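Novice: Handing you this structure, nothing more for now.
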Amino acid sequence: MMAKPPAMSKVFTFKDYRSVADQIYEITSECLHPCPVPIVIDNGSFQTRAGWACPGDSLSAPRLQFKSVAARSRGAARSETQIGNDISNLEPLRWLLKSQFDRNVVVNFEIQELMFDYIFMHLGIGTSGRVEHPVVLTEAPCNPLYCRQMMSELLFECYGVPEVSYGVDSLFSFYYNNNLRGLTSSNTGVVISSGYHCSHILPVINGRLDAGNCKRVNIGGSHAASYLQRLLQLKYPAHAAAVTVGRMEELLHEHSYVALDYQHELEKWRSVEFYEHEVHRMQLPFSAKLLSGTLSAEERQERRVQQLRRLQEINARRREEKLQQDQEKLDKLLAVQELMEDGLLEQFHRSLMELNMDSAEELQSYICKLNLAVEHGKLRILQSENSELEQPLDEAENSAEMDPDFSEENTEGEKPASTVQPTFNMAEYHQLFVGTERLRVPEVVFQPSLIGDEQMGLMETLQFVLERYSLEQQEALVRNVFLTGGNMLYPGMKERVERELLAMRPFQSHFQVNMASNPSLDAWCGAREWTQQNPLGGSGWITRQDYEEKGGEYLSEHSASNVFLPIRIAKALPRVAEPVAAPAAAAAVSETPTEPPPAQS
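In numbering that gives the first Met the number 0, the protein residues as written are 0 to 600.
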């Protein structure tokens with residue numbers, strides 16, 4: 000019986016994506032007539048998408064898609080800032096990159112203004128001083144009022160937009176997919192969104208966000224990329240510089256997966272056959288060097304002759320340079336000596352001080368030494384020109400150092416042809432074996448303790464949110480569990496959530512998990528569809544008059560927006576003057592401490 004051949008592992012090459020600079024589009028007539036068409040901007044923490052809300056399929060996709068980063072060195076002018084796709088390779092400028100986000104909340108509005116400038120310029124908006132198109136912008140769930148105030152101030156005061164509408168990106172994706180499946184807009188469900196910096200559990204009751212029960216998990220794609228980078232740098236310290244963040248993101252997007260049962264899947268990787276079949280060997284770029292053992296005897300002899308000739312030329316050039324330097328020094332010293340012979344003693348002593356000499360005898364000694372050095376140098380140049388084939392001993396040693404094959408042992412004869420020299424596989428040395436990392440890294444969303452983060456995982460947070468509702472509401476919520484966000488694109492994510500829900504829910508209960516048709520792009524498509532269905536000036540739009548009358552914190556609510564959530568701040572109780580007690584009573588009180596009064600809400 001023949002043995003089964005071992006399974007060969009797959010070898011992949013890093014693609015090292017390079018972005019292409021965005022072109023500056025010309026605005027079309029359908030975006031201007033009969034009225035200015037709104038601009039839809041999905042302001043994501045990883046990627047920004049911008050386009051027009053025109054009806055029809057001609058502009059149904061975003062015109063611009065670029066990473067939400069800007070590169071500007073300290074003290075550089077505003078015009079020297081590179082935005083998004085203007086940076087073809089992020090790795091050399093990684094230390095210069097700045098973002099407008101702190102986690103998923105916009106806090107750096109100087110960078111945000113640069114992003115808006117980039118978007119409006121590349122969309123072809125040429126009106127000076129203002130943007131005449133309404134803007135639909137995504138924001139974080141439960142966005143702080145101050146951040147919305149600064150964003151409204153930037154859009155209304157700096158760009159002069161006529162109207163603005165804010166919405167949550169994952170809710171736009173939720174309602175867009177509900178419309179694709181033919182569900183009503185007042186549907187109940189729970190949205191599980193995972194992005195670049197954090198993840199969210201968003202319960203939706205009767206078509207509106209229940210902001211009081213929203214929860215955020217501070218784990219996202221950036222944490223997974225950083226974790227994978229640390230794992231591979233510890234595993235391959237010789238290639239630590241080649242393990243870049245961009246390559247780690249490529250590994251996450253194209254080579255990672257979510258295990259259905261994490262512990263059981265890790266046990267599979269203990270098998271040698273399973274490891275050889277499933278491991279991904281990532282080939283790093285390298286330059287193959289020509290080994291000396293592969294050269295023939297004639298090629299090595301020719302190399303020796305060339306090195307010897309090159310060494311002779313180098314030595315001759317050095318002799319000429321040394322002779323020229325000595326001659327210049329000698330001429331300078333002779334000029335100083337002529338000052339003494341001419342009787343210019345003051346200038347002579349000044350020149351001696353510049354040369355760091357004490358007396359005329361020391362000057363005469365240096366002149367004699369330089370005369371001998373110049374004569375000796377001229378003599379050596381004449382000898383080398385007359386006999387080019389002669390080589391001094393020190394030159395032979397230098398040539399032996401330049402070529403390890405040119406030594407005393409192999410100058411008389413060559414190595415025997417039967418000698419087998421070991422070969423070194425340079426390509427295999429520059430390979431990263433990505434095995435259990437393929438499933439360990441995406442697992443941080445479910446187990447943040449893997450990276451030392453003490454917080455609940457995604458499914459534990461979902462269970463915590465569901466327990467805050469009645470049994471009937473829980474049944475309604477789990478019938479429409481919706482997954483969206485770029486960090487949900489791992490293969491096996493939907494199956495893992497279904498398995499966790501099966502273990503979480505009571506026996507024989509029903510639930511349904513749906514994945515977004517395009518988790519990365521559906522937020523922009525949902526915002527575009529909402530814009531087409533809600534006319535300007537209606538519910539959900541903030542006009543400039545609203546901004547001036549009600550302030551920048553004002554939010555016009557709609558089906559995909561945040562909701563106003565009043566927060567009660569506990570007030571401190573007024574201090575009551577304590578009555579003066581007897582010393583004995585005071586001692587008794589000090590021995591029996593009393594509980595503080597309950598705080599009032």
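Cβ atoms here follow ideal geometry from the backbone N, Cα and C, with glycine treated the same way.
As the structure is a computational prediction, the values presented were derived from the model and not from experiment.
(1) Out of curiosity, what's the CA-to-CA distance linking valine 19 and glutamate 471?
(2) What does the alpha-carbon distance come out to for the pair phenylalanine 171 and lysine 549?
(3) Below 8 Å on the Cβ atoms is my guess for valine 257 versus proline 505; work out the distance and round it to an integer in Å.
(4) When you compare the CB positions of glycine 376 and arginine 318, do they come within less than 8 Å of one another, or not?
(5) Below 8 Å, how does it come out for the region 330–344 and the region 364–376: are there three or more Cβ pairs, yes or no?
(6) Decide yes or no for the touch test of the region 508–516 against the region 471–481: beta carbon pairs closer than 8 Å, at least 3 of them.
(7) Please confirm whether leucine 431 and tyrosine 235 have their CB atoms less than 8 Å apart.
(8) Decide if asparagine 217 is buried, meaning its Cβ has at least 16 other Cβ atoms within 10 Å, or exposed.
(9) According to DSSP, is histidine 121 part of a helix, a strand, or is it coil?
(10) How long is the line joining the alpha carbons of leucine 608 and glutamate 298, rounded to whole angstroms?
(11) Which term fits alanine 426, buried or exposed, when burial requires 16 or more other beta carbons within 10 angstroms of its beta carbon?
(12) Does the region 492–507 come close enough to the region 93–113 to have 3 or more Cβ pairs within less than 8 Å?
(13) Near aspartate 521, which residues of its chain fall below 8 Å by C-beta distance, leaving aside the five closest residues on each side in sequence?
(14) For glutamate 340, which residues of its own chain have a beta-carbon under 7 Å away from its beta-carbon, when the five flanking residues on both sides are left out?
(15) Under 6 Å Cβ to Cβ from leucine 338, same chain only, skipping five residues before and after it: list those, please.
(16) Is the beta carbon of alanine 52 less than 8 Å from the beta carbon of arginine 543?
(17) Could you give the first and the last residue of the continuous beta strand (DSSP E) run that contains arginine 163?
(18) At which residue ranges does the region 99–162 contain complete alpha helix (DSSP H) runs of 4 or more residues, listed in the order of the chain?
(19) For phenylalanine 155, does the count of other Cβ atoms within 10 angstroms reach 16, so buried, or fall short, so exposed?
(20) Taking C-beta to C-beta, are leucine 369 and aspartate 325 nearer than 8 Å?
(21) With a CB to CB cut of under 8 Å and the five nearest residues on each side skipped, what residues in its chain are close to arginine 280?
(22) Taking the straight line between their C-alpha atoms, what separation do you get for proline 161 and proline 37?
(23) Could you check how far apart the C-beta atoms of glycine 219 and glycine 194 are, in whole angstroms? I think they sit under 8 Å.
(24) How close, in whole Å, do the beta carbons of phenylalanine 65 and threonine 80 come, if the pair is a contact with beta carbons under 8 Å?
(25) Can you say whether methionine 487 is buried or exposed, counting buried as having 16 or more other CB atoms within 10 angstroms of its CB?
(26) Can you name, in chain order, every residue of its own chain whose Cβ lies under 7 Å from the Cβ of serine 383, other than the five neighbours on each side?
(27) When burial is assigned at 16 or more other CB atoms within 10 Å of the CB, is phenylalanine 563 buried or exposed?
(28) Would glycine 491 and leucine 265 qualify as a contact pair, given that the criterion is a beta-carbon distance under 8 Å?
(29) Apart from the five residues just before and just after leucine 500, which ones in its own chain have a Cβ nearer than 6 Å to its Cβ?
(30) Among Arg102, Pro61, Val271, Met352, which residue has its Cα nearest to the Cα of serine 198?
(31) Please work out which residues of its chain come closer than 6 Å, Cβ to Cβ, to cysteine 524, disregarding the five sequence neighbours upstream and downstream, and give them in chain order.
(32) Going by the beta-carbon positions, is the gap between leucine 554 and tyrosine 165 smaller than 8 Å?
(33) From what residue to what residue does the alpha helix (DSSP H) around lysine 267 run?
(34) If glycine 159 sits next to glycine 128, beta carbons under 8 Å apart, how far is it from one beta carbon to the other, in whole angstroms?
(35) Whose CA, out of Val477, Val105, Gly456, Gly537, lies closest to the CA of lysine 214?
(36) By the three-class DSSP mapping on this structure, what secondary structure does valine 444 have?
Specialist: This is what the structure holds:
(1) Each residue's Cα considered, the two are about 52 Å apart.
(2) 25 Å
(3) With 8 Å as the limit, valine 257 and proline 505 do not qualify as a contact, their Cβ atoms being about 25 Å apart.
(4) Yes. Within cutoff.
(5) Taking a cut-off of 8 Å for Cβ pairs, the region 330–344 and the region 364–376 touch, as three or more such pairs fall below it.
(6) yes
(7) yes
(8) exposed
(9) helix
(10) Only positions 0 to 600 of the chain appear in the structure, and residue 608 is not among them; the question remains open.
(11) exposed
(12) no
(13) Phe171, Ser172, Tyr175, Asn176, Thr483, Ala515
(14) Within the same chain, no Cβ atom closer than 7 Å to the Cβ of glutamate 340 is found once the five residues on either side in sequence are excluded.
(15) Counting only Cβ-Cβ distances below 6 Å, and skipping sequence neighbours, we find Gln346, Phe347.
(16) no
(17) Before going on, a small fix: residue 163 reads as valine here, not arginine. 162–167 is the span of the beta strand (DSSP E), which, as asked, contains valine 163.
(18) 108–121, 144–152
(19) Within 10 angstroms of the beta-carbon of phenylalanine 155 lie 16 or more other beta-carbons, which makes it buried.
(20) yes
(21) Ser8, Lys9, Val10, Phe11, Gln430, Leu431, Phe432, Val433
(22) Cα to Cα, the separation comes out at about 10 Å.
(23) Between glycine 219 and glycine 194 the beta-carbon gap is near 5 Å, inside 8 Å, which marks them as a contact.
(24) Rounded, the Cβ-Cβ distance is 13 Å, inconsistent with contact.
(25) buried
(26) Around serine 383: Ala315.
(27) exposed
(28) no
(29) Phe510
(30) Arg102
(31) Tyr175
(32) yes
(33) 261–267
(34) 7 Å
(35) Gly456
(36) helix
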